[in-house]
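A.B. asks: Provided herewith is a single structure, encoded as structure tokens, for subsequent inquiry.
2 protein chains.
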Amino acid sequence: MPTKANARQHGTYENLRHEIARQHPDFSDRLRVIAEFALEHPTEMALGTVAEVAQRAKVQPSAIVRFARALGYGGFTELQQVFRSRLVASVPPSYKERITGLRRDGRFQDANNPQAVLTRFASEGMVSLESLQDRVRQADLVRAIELLGAAETIYVLGLGGSFPVAAHLTYVLRKLGRRVVILDGLGSALGDQAASATPADALVAISFRVYNPDTARLFPELVARRLPAISITDSLLSPIVEGASVVFEIPDMPEAALRTMVAPMCLAQTLAVGLTLTLD
Amino acid sequence: MPTKANARQHGTYENLRHEIARQHPDFSDRLRVIAEFALEHPTEMALGTVAEVAQRAKVQPSAIVRFARALGYGGFTELQQVFRSRLVASVPPSYKERITGLRRDGRFQDANNPQAVLTRFASEGMVSLESLQDRVRQADLVRAIELLGAAETIYVLGLGGSFPVAAHLTYVLRKLGRRVVILDGLGSALGDQAASATPADALVAISFRVYNPDTARLFPELVARRLPAISITDSLLSPIVEGASVVFEIPDMPEAALRTMVAPMCLAQTLAVGLTLTLD
DNA sequence: ATGGCCTTAGAATAAACATTCCACGAAGTA
DNA sequence: TACTTCGTGGAATGTTTATTCTAAGGCCAT
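First to last, the sequence lines map onto chains P and U.
Per the numbering used here, the very first residue in the first sequence carries number 1; after that it's consecutive.
Per the numbering used here, the very first residue in the second sequence carries number 1; after that it's consecutive.
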């Protein structure tokens, strides 16, 4: 009779692995076969149906269900959830683990504590920087820098919540000796500010949901005038994607409390600095 | 074009993403809703049942199936396979190792490679966020939030390189319903913009070396008029320290290639959000 | 040997599921 | 206004899927 230690906490994949390993010697023949299969093919356990898993493990479907019950689960479906959690944990890089880690530490606990808020934003910022490194492709970076390098004047378009990024990019580019026009809509002269842009120039557009209407309006006009465009946005459905020469997609973190601008800021700065380095 | 044209091969997740984005404008209402949901929640698309996905996307199950067919698949099940492939593709992340690995080996040094620049800035940003969590004292946060909460109008002063931080803070505070005046010196009217500030208001000043002369000039004037001041700066010797009610000191990293604004941005956002939380 | 007990295979069953169908309604056209 | 087309919601449908049940097989102690 296999010991049923119910003190075990269901849920985490690692716990399940150890539990399977622990009970393994006590299992019956079939159950042991399944236990080994489960540890070696966690992905198939996560995605397959009972029949598929049974076939791959060369046992009967009913044996799979018995296996799940022997581990204390109500059935295969419940067990499968644990294997699926492993998949979802690994895909959006590590932020989930990191944040749940913080949550476990207690540092995250009450949102009414200002320090907890700081910890949260800082953590989200770090994670977004981390994923930025993963997502941005070298080729896009090179292409964007080429466009900027060839431009006589660089136009920067970022309104609403994205304006700080535009301001930062403008500041750095000017410090580095570039000719830059920031399209800030001052005096409601947004269109006029960009009136003299030509295909010999370049545009950097920054926009995140909710997309600023003026940005959405001006961007297509500018690309229609054959202005090469570099877009920094959060989705391929954003209004500044179509017609852009290079698109940097920086998706929002699912559970971000409030959009953090750190990743776009960092990318903007990279473009500016990379520009001067490659021209040396 | 950001990526290669629509060579339409089913199977890979990235292709599917672009295909969805491409067809998005032509879709009907419901289909567009689903398209957006699919791009934003690929994990749920991979693991959920039709009914679950439909509920989360707030559409009918039949609409989900129609969506799959519109993309050329036989049904939801076929489409789901593609989303599942994304899950299995990303196996073991282990980021911390990878990043420290990057740092250790030479790829960090070669500054002429744009991707190296990105890696460098992102890493510096992460480090600065980490140290921000350590340095900022709970008491200072609480005090600063109290001051902001008591203020009738919040004045934000950040010029030159610090302007993006000021802009971001202003944006978030206004979104949260605060009355905010940003002292941006537009039309060289810096002094006039702050003329009506009273002790019932509050000032947030942001300045980093090299300190903007206008900031250095205006700040003492305002504190002399008994305006409570919160300073975000990099040194206790900065011109916005003396007379401030709360000082957040965020020292520059010794070898930062170029100042990264991520830590100040993060702190500013914390102040704004913390303000609303404590008032609930 | 043989009776008791546990395990197993496979069919039976019930639940969950994806998919289809149809009627309704809105938007466009003559 | 009347007619057509297309999009949509919701129930009906038929299929897939997990689970349960039962009879039979193997093992061991007596």
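For glycine and all other residues, C-beta sits at the position ideal for the given N, C-alpha and C.
Taking the straight line between their C-alpha atoms, what separation do you get for U:Thr119 and P:Leu148?
C.D. replies: Here residue 119 of chain U corresponds to residue number 119 of the second sequence, with the count starting at 1. Here residue 148 of chain P corresponds to residue number 148 of the first sequence, with the count starting at 1. C-alpha separation (whole angstroms): 20 Å.
A.B. asks: Return the first residue and the last residue of the beta strand (DSSP E) that U:Tyr155 is part of.
C.D. replies: Residue numbering aside, residue 155 of chain U sits at position 155 when the second sequence is read from its first letter. Run containing U:Tyr155: 154 to 158, per the beta strand (DSSP E) assignment.
A.B. asks: Look at U:Asp214 and U:Leu176 and say whether their C-beta atoms are less than 8 Å apart.
C.D. replies: If you number the second sequence from 1, residue 214 of chain U lands on position 214. If you number the second sequence from 1, residue 176 of chain U lands on position 176. The answer is no: Cβ separation not under 8 Å.
A.B. asks: For U:Glu36 and U:Gly160, what's the separation of their Cα atoms in angstroms?
C.D. replies: For the purposes of this step, residue 36 of chain U is taken as the residue at position 36 of the second sequence. For the purposes of this step, residue 160 of chain U is taken as the residue at position 160 of the second sequence. Looking at the two C-alpha atoms, the distance is approximately 38 Å.
A.B. asks: Within the same chain, show all residues whose beta-carbon is closer than 7 Å to that of P:Gln193, passing over the 5 residues directly before and after it, in chain order.
C.D. replies: For this step, residue 193 of chain P is matched to residue 193 along the first sequence. Closer than 7 Å at Cβ, skipping near neighbours: Val181, Leu183.
A.B. asks: Just reading off the beta strand (DSSP E) that P:Ala189 is part of, what are its end residues?
C.D. replies: The sequence position of residue 189 of chain P within the first sequence is 189, counting from 1. Taken as a continuous stretch (DSSP letters only), P:Ala189 belongs to no beta strand (DSSP E), as it is neither H nor E.
A.B. asks: Alpha carbon to alpha carbon, how far is P:Arg209 from P:Ala216?
C.D. replies: Stepping through the first sequence from its first residue, residue 209 of chain P is reached at position 209. Stepping through the first sequence from its first residue, residue 216 of chain P is reached at position 216. Taking the straight line joining both Cα atoms gives about 11 Å.
A.B. asks: Going by beta carbon distance, what residues of the same chain come within less than 6 Å of U:Pro353, once the five residues before and after it are set aside?
C.D. replies: No statement about residue 353 of chain U is possible, as the shown extent of chain U runs from 1 to 280 and does not include it.
A.B. asks: Going along chain U in order, which residues have a C-beta closer than 7 Å to the C-beta of P:His168?
C.D. replies: As a working note, residue 168 of chain P is residue 168 in the first sequence. Per Cβ cutoff of 7 Å: Pro164, Met261.
A.B. asks: Unbroken alpha helix (DSSP H) runs of length 4 or more, entirely within the segment 37 to 88 of chain P: which are they?
C.D. replies: You should have 42 to 47, 50 to 57, 61 to 70.
A.B. asks: Checking contacts by CB at 8 Å: is U:Val273 closer than that to chain P?
C.D. replies: By one-based count along the second sequence, residue 273 of chain U stands at place 273. Answer yes: the Cβ-Cβ gap between U:Val273 and chain P drops below 8 Å somewhere.
A.B. asks: Please list the partners that U:Ala21 has in chain P, where partner means a Cβ-to-Cβ separation under 8 Å.
C.D. replies: Within the second sequence, residue 21 of chain U is the residue found at index 21, counting from 1. Going along chain P in sequence order, the residues near U:Ala21 (Cβ under 8 Å) are Leu236, Leu237, Val241.
A.B. asks: Along chain P, which residues have their Cβ under 9 Å away from the Cβ of U:Leu79?
C.D. replies: Stepping through the second sequence from its first residue, residue 79 of chain U is reached at position 79. Correct list: empty, because the minimum Cβ distance to chain P is about 15 Å.
A.B. asks: Taking all protein chains shown into account, do 16 or more other C-beta atoms lie within 10 angstroms of the C-beta of P:Gln80, making it buried, or fewer, making it exposed?
C.D. replies: For the purposes of this step, residue 80 of chain P is identified with residue 80 of the first sequence, where counting begins at 1. By the 10 Å Cβ count, P:Gln80 comes out buried.
A.B. asks: Quick check on U:Arg225 - is its C-beta less than 8 Å from some C-beta in chain P?
C.D. replies: Stepping through the second sequence from its first residue, residue 225 of chain U is reached at position 225. U:Arg225 does not count as touching chain P.
A.B. asks: 8 Å is my cut-off, CB to CB: does U:Val136 come that close to chain P?
C.D. replies: For the purposes of this step, residue 136 of chain U is identified with residue 136 of the second sequence, where counting begins at 1. For U:Val136, the answer is yes, since a Cβ of chain P falls inside 8 Å of its Cβ.
A.B. asks: Distance cutoff 8 Å, beta carbons only. Does U:Arg84 sit that close to anything in chain P?
C.D. replies: As a working mapping, residue 84 of chain U is identified with position 84 in the second sequence. U:Arg84 counts as touching chain P.
A.B. asks: Is the segment 224 to 231 of chain U touching the segment 131 to 138 of chain U in the sense that three or more CB pairs, one from each, lie closer than 8 Å?
C.D. replies: Counting Cβ pairs under 8 Å, fewer than three are found: no touch.
A.B. asks: In whole angstroms, give me the CA-to-CA distance for U:Val172 and P:Ala151.
C.D. replies: Counting from 1 along the second sequence, the entry for residue 172 of chain U is found at position 172. Counting from 1 along the first sequence, the entry for residue 151 of chain P is found at position 151. C-alpha separation (whole angstroms): 33 Å.
A.B. asks: Looking at the structure shown, is P:Ala194 part of a helix, part of a strand, or coil, going by DSSP?
C.D. replies: Numbered from 1 along the first sequence, position 194 holds the residue referred to as residue 194 of chain P. Coil, per DSSP.
A.B. asks: With a 10 Å radius around its C-beta and 16 neighbouring C-beta atoms as the bar for buried, classify U:Thr260 as buried or exposed.
C.D. replies: Working through the second sequence from its first residue, we reach residue 260 of chain U at position 260. Buried.
A.B. asks: Rounded to the nearest angstrom, what separates P:Arg32 and P:Pro25 at their Cα positions?
C.D. replies: As a working mapping, residue 32 of chain P is identified with position 32 in the first sequence. As a working mapping, residue 25 of chain P is identified with position 25 in the first sequence. P:Arg32 and P:Pro25: Cα-Cα distance of roughly 8 Å.
A.B. asks: What residue range is occupied by the uninterrupted alpha helix (DSSP H) comprising P:Val165?
C.D. replies: On the first sequence, position 165 is the one that residue 165 of chain P refers to. From DSSP, the alpha helix (DSSP H) with P:Val165 extends over 163 to 175.
A.B. asks: Applying a beta-carbon distance threshold of less than 7 Å, which residues of chain P neighbour U:Gln133?
C.D. replies: Start at 1 with the first residue of the second sequence, and residue 133 of chain U comes out as number 133. Near U:Gln133 (Cβ distances below 7 Å), the residues of chain P are Leu118, Thr119, Ala122.
A.B. asks: Can you name, in chain order, every residue of its own chain whose Cβ lies under 8 Å from the Cβ of U:Ala224, other than the five neighbours on each side?
C.D. replies: Residue 224 of chain U sits at position 224 when you count from the first residue of the second sequence. Excluding positions up to five away in sequence, the list reads Gly243.
A.B. asks: Tell me the rounded alpha-carbon separation between P:Asn212 and U:Val82.
C.D. replies: For the purposes of this step, residue 212 of chain P is identified with residue 212 of the first sequence, where counting begins at 1. For the purposes of this step, residue 82 of chain U is identified with residue 82 of the second sequence, where counting begins at 1. Rounded to the nearest angstrom, the two C-alpha atoms are 33 Å apart.
A.B. asks: Within the segment 195 to 219 of chain P, note down every full alpha helix (DSSP H) run reaching 4 residues or more, in order along the chain.
C.D. replies: If we require 4 residues or more, the segment 195 to 219 of chain P turns out to have no alpha helix (DSSP H) run fully inside it.
A.B. asks: Who are the neighbours of P:Leu141 on chain U, taking C-beta pairs under 7 Å?
C.D. replies: The residue labelled residue 141 of chain P in the question sits at position 141 within the first sequence. Ordered by position in chain U, the residues that pass the 7 Å Cβ test against P:Leu141 are Pro114, Gln115, Leu118.
A.B. asks: Can you have a look at P:Arg179 and say buried or exposed, based on whether 16 or more other CB atoms are within 10 angstroms of its CB?
C.D. replies: Stepping through the first sequence from its first residue, residue 179 of chain P is reached at position 179. When all chains shown are included, P:Arg179 counts as exposed.
A.B. asks: Using DSSP with H/G/I as helix, E/B as strand and the rest coil, what is P:Phe288?
C.D. replies: With chain P represented from 1 up to 280, any question about residue 288 of chain P goes unanswered, as that position is not in the structure.
A.B. asks: Answer yes or no: does any C-beta atom of chain U fall closer than 8 Å to that of P:Arg104?
C.D. replies: Start at 1 with the first residue of the first sequence, and residue 104 of chain P comes out as number 104. Residue confidence is low: P:Arg104 scores 44 on pLDDT, short of 50, so the model does not pin down where it sits. Its coordinate-derived value is still stated next. No, no contact with chain U.
A.B. asks: Going by CA-CA distance only, name the one from P:Ala21, P:Leu129, P:Ala116, P:Lys58 that's closest to P:Gln269.
C.D. replies: The residue given as residue 269 of chain P occupies position 269 in the first sequence. Selected option, being the one with the closest Cα: P:Leu129.
A.B. asks: Answer yes or no: does any C-beta atom of chain U fall closer than 8 Å to that of P:Gly125?
C.D. replies: As a working mapping, residue 125 of chain P is identified with position 125 in the first sequence. Output row for P:Gly125: interface = yes.
A.B. asks: I need the boundaries of the beta strand (DSSP E) containing U:Ile250, first residue and last residue.
C.D. replies: Your numbering for residue 250 of chain U matches position 250 in the second sequence. Careful: U:Ile250 lies outside any beta strand (DSSP E) and carries neither H nor E.
A.B. asks: Could you check whether the Cβ of U:Arg30 sits closer than 8 Å to any Cβ belonging to chain P?
C.D. replies: Taking the second sequence and counting its residues from 1, one reaches residue 30 of chain U at position 30. No, U:Arg30 does not count as interfacial toward chain P.
A.B. asks: For U:Ala122, report the span of its beta strand (DSSP E) as first-last.
C.D. replies: For this step, residue 122 of chain U is matched to residue 122 along the second sequence. Careful: U:Ala122 lies outside any beta strand (DSSP E), inside the alpha helix (DSSP H) at 114 to 135.
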